[in-house]
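Following: one structure in structure tokens, then a few remarks.
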Amino acid sequence: HKSSKAIAAAAMYTFLPDNFSPAKPKPSKELKPLLGSVVLGLLLVLAAVVAWCYYSASLRKAERLRAELLDLNRGGFSIRNQKGEQVFRLAFRSGALDLDSCSRDGAVLGCSRTADGRPLHFFIQTVRPKDTVMCYRVRWEEAAPGREVEHAMFL
């Protein structure tokens, strides 16, 4: 016969099967803010990389600007037909444009200085008198008085 102490001691222990695994512990409450900070940090790094890419792309000098079927470059412009074939070309002999000084305001593409830094008033305006006709109004005005303006046209 067993003593009362032995029966009490046996009742205190619970025997578990061999394949029993305890429940996974829940992540501590300190871990959640850490994970949130890591995700936020990665998003900020990604945003910084994207911003740097846009900034470095904006620093590249412009080589060509477009207005409808007209391509403007430093040394002149050319006009293409609907098929993309060049039908007209004009070369600036008065100087080269600084394309970084150019901006578009609606149908007007204007530039404010030459490549060597001289101020000028240059613009190309797209004019459509009819749906089937497209015209370009081009003007080059030197800011310094008495300076000649010379261009050469090619077909």
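Read the sequence shown against the working numbering and you will find it ends at 1434, with the numbers running on by one and no gaps. No residue lacks a Cβ here, since even glycine has one placed at the ideal position from N, Cα and C. Note that the structure is predicted; figures quoted are calculated from it, not measured.
I'd like to know whether the C-beta atoms of residue i and residue j end up nearer to each other than 7 Å.
i	j	result
Ser1391	Ser1373	no
Ala1386	Thr1411	no
Glu1420	His1400	yes
Gly1355	Phe1367	no
Arg1359	Leu1348	yes
Count the other C-beta atoms from every protein chain shown that fall within 10 angstroms of the C-beta of residue i, then say buried if there are 16 or more, exposed otherwise.
i	result
Leu1322	exposed
Would you say residue i reaches chain D, if we count a Cβ-Cβ gap shorter than 7 Å as a contact?
i	result
Glu1421	The structure shown contains no chain D, having only a single protein chain.
Residues in the same chain with beta-carbon distance under 7 Å from residue i, minus the five sequence neighbours each way, listed in chain order, please.
i	result
Met1432	Leu1369
Considering only residues of the same chain and omitting the five flanking positions on each side of residue i, which have a CB-CB separation below 6 Å?
i	result
Pro1398	Arg1392 and Ala1422
Val1317	none
Gly1363	none
Figure out for me which residue from the options has the closest Cα to the Cα of residue i.
i	options	result
Ser1357	Pro1312, Tyr1415, Val1317 and Arg1426	Tyr1415
Please go through the same chain and pick out, in chain order, the residues whose beta-carbon is closer than 8 Å to the beta-carbon of residue i, but skip the five residues on each side of it.
i	result
Gln1361	Leu1348
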